[in-house]
Structure formats: C-alpha cells, structure tokens
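Residue 241 in the working numbering is what sits at position 238 of the sequence shown, and the numbering runs on without skipping anything. Each residue gets a CB set at the ideal place from its N, CA and C atoms; glycine is no exception.
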Amino acid sequence: MGLNKIGRNSIWMMLEKIISIFGLFFVTSYVAKYIGPSLFGELSLAMAIFQIVQIVSQMGGDNIIFKRVSKNPDSGVRLIRSSFLMRLAVYVAISVAVLGYFYTVDDTTSFIFCIAVCIASFFTTLDVYAIYNNSQLRSKYNTISNVIGLGIGLGIRYLIALMQWDPALLAIPIVLTTAIPFFIRRHDFITRSASVTMMGRNWKSAAKKYSKYMIMSGSSIVLSSISVAIYTRINQIFISDFLGSYQLGIYSVALTLATAWTFALASIITSFYPSIYADTNDRTAMAKAVKLNRIVFLCSALVIAGFALFGRQAIALLYGAQYAAAYLPALILSVGTMLSLMGSIAYRYVIKYSGFSYLSKKMFLILAFSLPVSYLLIKQHGLIGASVSVVLVELLSLTVMNYFFKNGLIVKLHIGSIGFAWGVK
C-alpha cells in the first residue's frame with residue numbers, strides 16, 4: 004500500500020474536516036451566541052449522553068471491522084452486514100430508557116434536543132459504511148457525502164439563528180447532518196458490495212456465524228469502549244450536576260476549541276493504520292508507528308503554542324465576551340487532546356497484536372481512576388479542575404497503563420519516538 008495512496012486519502016479526509024471546521028467556527032459559534040451558554044450546555048449534555056449510548060451500541064466493533072476489512076474486504080463486508088441488526092437492537096433498547104429519563108427532568112426545548120440528538124446518533128451508530136471506506140482508502144466518498152449533509156445542516160442552522168426563529172427548530176439540522184451522509188454511503192456500499200454474498204446456502208447460518216464472531220471478538224473490547232465513552236464524557240455530566248448548564252456551556256466551548264484542530268492528525272492516523280495492520284514485519288510496522296507518533300507530537304505542540312498566544316482573541320471573535328472564561332480550560336484541554344491523539348496510536352497498535360483483553364482491563368482501570376479524580380477536582384476547582392483531570396487521565400492512559408502490554412511494546416514505541424534505541428530511525 005503506497006504512501007502516495009495514503010497521502011491522497013489523508014488529503015480527502017482533511018478536506019472534509021476543513022469544511023467541518025469552517026462550520027464549527029462560523030456557524031456553530033453563531034448559534035452558540037444566539038442560544039447562550041445555558042441552552043448550549045443542555046444541548047452539549049444531550050450529545051455527551053448519546054455519544055456514550057452510541058459507543059455502547061457499537062460493542063467495540065468499529066476497530067474489529069476496520070481491521071477485518073483492511074485484511075480481507077469481502078469478509079469485512081459480510082461482517083458489516085451481520086452486525087447491522089445487532090447494533091440497531093442495542094441502540095434502540097438503551098435509547099428508550101435514556102429518553103424516558105430526560106422526559107422526566109427536562110423542559111420542552113431541551114427534550115426536543117434530546118430526541119434530535121438521539122436520532123442523529125442512531126444514524127451514526129449504524130454507519131459502518133464510513134469505516135469500510137476509510138479502511139479501503141476511499142475517504143473521498145466519505146468526504147463528499149459528509150459535505151453534502153454538513154452543508155445542508157449548517158445552512159439551516161445559520162438561517163434559524165439569522166431569522167431568530169424558535170431554538171427548538173435546531174433539532175432539524177442536527178438530524179439531517181448525520182442522516183443524509185448515512186443514506187448516501189449506504190446506497191454506495193450496497194452498490195459496490197452487491198457481488199459479495201454470505202457464504203453457504205443458508206444466509207441466516209452465515210449471518211449467525213459472523214454475528215457470533217463479532218460478539219466473541221468484541222466482548223473483550225466492549226468494556227474498553229464503554230470505559231472510554233464514560234471517562235471522556237464524565238466531566239460534562241459532573242459539571243452539569245455540580246455547576247449547572249451555564250458552566251457546562253462554557254466548558255463545551257473550551258472542549259470544542261481544544262479538539263477542533265485534531266482533524267488533520269486524526270486523518271493521518273486513520274490513513275496510516277491500514278498499512279500498519281497489513282504489515283507482517285514487526286520492525287517495519289514499529290517504524291511506521293514511530294513516525295506517526297512524532298508527527299502527532301510535533302504538530303500538536305505547534306497548535307498548542309499558537310492557541311496560547313491567540314486563543315483569547317479567537318474566543319472573543321467567534322463566541323463573544325460571555326464565553327471568555329473558556330480560554331484557560333481550552334488551553335489545558337489542548338494538552339489533553341495531544342495526549343489522547345498519541346494514545347489512539349498506541350491503542351490501535353495494541354489492537355494490531357490482538358490485545359483486546361488487555362485494553363478492556365486497562366480502560367476499566369482508567370475509568371476507576373478518572374471517576375474520583377474528576378469528581379474531586381471539579382468539586383474543588385470547577386472548570387479548571389475538570390480540564391486538569393483530563394490531562395491526568397490521558398497521561399496515565401498513554402504511558403503507565405500501556406507499558407505492561409507484550410513485554411513493553413508501547414515503551415519501545417515511545418522510546419523510538421524520541422529517537423533512541425530499538426533501531427528505529
């Protein structure tokens with residue numbers, strides 16, 4: 004798999020994210036000004052909750068599908084088809100319970116947002132077709148479909164804010180932004196994979212076999228996925244409970260700014276890993292991972308320095324004076340974002356060596372660590388404490404909690420990344 008193909012795929016992924024960033028800065032910020040920190044905080048809480056539901060419903064399957072399709076596309080197609088109904092059933096069951104809870108505690112506008120986010124996350128949960136395209140270095144098609152959905156969604160959001168219509172109408176573009184790309188990619192997938200049939204005469208038996216494989220393979224990583232889903236969003240839940248929706252709105256803006264710049268690096272990571280997964284030579288696979296780690300660290304450091312210098316002006320320009328308190332939390336969270344990106348490289352490298360059980364145990368321990376740390380720091384230090392807790396958790400997850408896997412494999416990755424031993428240059 005040539006580097007040129009990887010590079011082209013990365014460019015397509017980055018193009019999509021650049022358009023997303025344009026929408027984030029010039030439309031979402033406009034909407035945030037319009038609805039204010041309190042309502043923006045309530046919307047952010049709904050998104051955080053249903054992102055957890057979404058990850059639980061995927062049952063750790065995304066990385067399994069990505070790895071399978073990278074190695075054997077036809078087998079990956081069968082796995083995608085077989086896992087569809089399983090995701091659907093789990094998502095619907097959990098969502099009904101979550102919506103029932105929000106119905107009892109939210110006002111009408113907030114509950115409408117919850118329903119919209121629920122439907123939007125439903126399409127994202129079922130959208131394994133994007134994984135297929137990324138693994139086949141066909142991100143061009145993801146970009147085109149996402150841009151169509153994003154363009155329509157952002158246009159409607161801007162119109163609602165410009166005309167000062169009822170904020171509840173923002174539910175419409177929330178749904179359309181994920182629904183439109185889903186149906187476009189589904190149609191493309193069905194067309195391209197029409198020649199791939201379930202093995203054997205009895206398709207139900209074949210589907211059962213692939214579903215069983217997904218459950219067995221995913222069972223060791225599902226706790227890991229759930230733990231990640233909770234510990235990365237527990238701050239939003241604690242802030243909402245301890246500090247209120249207004250402070251959650253401020254934190255949500257800080258989190259948005261701290262993670263918005265990751266689009267280029269996430270695209271590069273996603274494009275590199277099919278090559279790393281397919282590489283049967285441990286030495287060259289390590290060299291690729293080391294190179295990736297260095298790129299992520301250096302680029303992240305430059306962005307963090309830039310935000311330290313110009314972050315206050317950016318917040319004032321994009322969000323207004325009412326969000327000025329987001330600067331310091333955003334700066335601290337940017338460090339956590341860098342550690343998280345580097346952690347995703349290590350995470351996928353462990354998956355290359357089928358370390359699903361290790362990841363499950365690791366993430367459970369990280370969750371156990373993050374809950375009391377987040378609770379105490381938010382209780383004592385508010386938004387600054389919340390931001391510091393993210394850095395502490397991500398640092399532990401990246402380093403110590405990875406170093407026990409396969410005789411220090413990730414230790415070698417990190418030492419190689421700073422230019423020392425193991426023959427990696």
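Open item on the list: Pairs of beta-carbons, one from the region 365–375 and one from the region 310–318, closer than 8 Å: are there three or more?
Closed with: no
- [ ] Compute the Euclidean distance between the alpha carbons of L173 and V108, then round it to the nearest angstrom.
- [x] Here residue 173 corresponds to residue number 170 of the sequence shown, with the count starting at 1. Here residue 108 corresponds to residue number 105 of the sequence shown, with the count starting at 1. So the alpha carbons of these two residues sit roughly 20 Å apart.
Open item on the list: Quick check on G411: does DSSP put it in helix, strand or coil?
Closed with: Indexing the sequence shown from 1 puts residue 411 at position 408. Three-state result, G411: coil.
TODO: Please state whether DSSP places I421 in a helix, a strand or coil.
DONE: On the sequence shown, residue 421 is found 418 positions in, with the first residue counted as 1. Of the three classes helix, strand and coil, the one that applies to I421 here is coil, per DSSP.
Task: Assigned secondary structure, V131 (DSSP; H/G/I helix, E/B strand, else coil) - done: On the sequence shown, position 128 is the one that residue 131 refers to. Reduced to three states, the DSSP call for V131 is coil.
Task: Which listed residue (M345, I381 and H384) has its alpha carbon closest to that of L401 - done: For the purposes of this step, residue 401 is taken as residue 398 along the sequence shown, with counting starting at 1. Of the listed residues, the one whose Cα sits closest to L401 is M345.
Task: CB contact flag (Y249, S41, <9 Å) - done: As a first step, residue 249 is located in the sequence shown; it is residue number 246 there, counting from the start. As a first step, residue 41 is located in the sequence shown; it is residue number 38 there, counting from the start. For Y249 and S41, yes; Cβs fall inside 9 Å.
Task: Neighbourhood of Y37 by C-beta distance below 7 Å, restricted to the same chain and skipping five residues each side - done: In the sequence shown, counting from the first residue as 1, residue 37 sits at position 34. Only A164 meet the Cβ criterion.
- [ ] Just mark N136 as buried or exposed, buried being the case when its beta carbon has 16 or more other beta carbons within 10 Å.
- [x] As a first step, residue 136 is located in the sequence shown; it is residue number 133 there, counting from the start. Burial call: buried.
Open item on the list: So, at 7 Å on beta carbons, what are the nonlocal neighbours of A292 in its own chain, with the 5 sequence-adjacent residues on each side left out?
Closed with: Against the sequence shown, residue 292 aligns to sequence position 289. Closer than 7 Å at Cβ, skipping near neighbours: I279, I348, Y352 and L416.
TODO: Label L399 either buried or exposed according to how many other C-beta atoms from any shown protein chain fall within 10 Å of its C-beta, with 16 as the threshold for buried.
DONE: Residue 399 sits at position 396 when you count from the first residue of the sequence shown. Buried is the call here.
Open item on the list: Short of 8 Å in beta carbon distance, which residues of its chain neighbour I318, apart from the five on each side in sequence? Order them along the chain.
Closed with: Position 315 of the sequence shown, counted from the start, is the residue given in the question as residue 318. Same-chain partners within the cutoff: V256, L260, Y326, A327, A329, Y330 and A333.
- [ ] Alpha carbon to alpha carbon, how far is S303 from M341? Give it in angstroms, no decimals.
- [x] By 1-based counting over the sequence shown, the position of residue 341 is 338. By 1-based counting over the sequence shown, the position of residue 303 is 300. Distance between the alpha carbons of M341 and S303 is about 6 Å.
- [ ] Would you please state the rounded distance, in angstroms, between the beta carbons of F266 and M17? I believe it to be under 8 Å.
- [x] Your numbering for residue 266 matches position 263 in the sequence shown. Your numbering for residue 17 matches position 14 in the sequence shown. Right, the Cβ-Cβ distance comes to about 6 Å (below 8 Å), so this counts as a contact.
Open item on the list: Please state the DSSP three-state secondary structure of D169.
Closed with: Against the sequence shown, residue 169 aligns to sequence position 166. Coil, per DSSP.
TODO: Work out the CA separation of S98 and F126 for me, nearest whole Å.
DONE: As a working note, residue 126 is residue 123 in the sequence shown. As a working note, residue 98 is residue 95 in the sequence shown. Near 13 Å, if we compare the C-alpha coordinates of S98 and F126.
Open item on the list: Going by beta-carbon coordinates alone, are I298 and V338 separated by less than 9 Å?
Closed with: Taking the sequence shown and counting its residues from 1, one reaches residue 298 at position 295. Taking the sequence shown and counting its residues from 1, one reaches residue 338 at position 335. Contact flag unset, no.
TODO: Determine the DSSP secondary structure at G323, reduced to helix, strand or coil.
DONE: For the purposes of this step, residue 323 is taken as residue 320 along the sequence shown, with counting starting at 1. G323 falls in the coil class under three-state DSSP.
- [ ] Would you kindly check if the distance between the Cβ of S243 and the Cβ of L48 is under 9 Å?
- [x] Walking along the sequence shown from the start, residue 48 turns up at place 45. Walking along the sequence shown from the start, residue 243 turns up at place 240. Yes, Cβ-Cβ distance for L48 and S243 is below 9 Å.
Task: Boundaries of the alpha helix (DSSP H) in which L82 is found, first to last residue - done: The count along the sequence shown starts at 1 and reaches residue 82 at position 79. Note, L82: alpha helix (DSSP H), P76 to V108.
- [ ] Report buried or exposed for R204, applying the criterion of at least 16 other Cβ atoms within 10 angstroms of its Cβ.
- [x] As a first step, residue 204 is located in the sequence shown; it is residue number 201 there, counting from the start. Any answer about R204 is weak, because its pLDDT of 47 lies below 50 and its placement is not dependable; what the coordinates show is given next. Result: exposed.
Task: Distance, M166 Cα to K294 Cα - done: Walking along the sequence shown from the start, residue 294 turns up at place 291. Walking along the sequence shown from the start, residue 166 turns up at place 163. Cα to Cα, K294 sits roughly 49 Å from M166.
Task: Same chain, Cβ closer than 6 Å to V72, five either side skipped, listed in chain order - done: Counting from one through the sequence shown, the residue named residue 72 turns up at place 69. Correct list, in chain order: G79, Y135 and S138.
Task: Alpha carbon of I271 to alpha carbon of N405, nearest angstrom - done: Against the sequence shown, residue 271 aligns to sequence position 268. Against the sequence shown, residue 405 aligns to sequence position 402. Whole-angstrom Cα-Cα distance: 22 Å.
Task: Buried versus exposed call for Y356 [16 or more other C-beta atoms within 10 Å across all chains shown] - done: Indexing the sequence shown from 1 puts residue 356 at position 353. When all chains shown are included, Y356 counts as exposed.
Open item on the list: With distance defined between alpha-carbon atoms, name the residue in I369, Q54, I354 and R141 nearest to A122.
Closed with: Translated into positions along the sequence shown, residue 122 becomes position 119. Ala is not the amino acid found at residue 122; the sequence shown has Ile there. Taking only the C-alpha atoms, the option nearest I122 is Q54.
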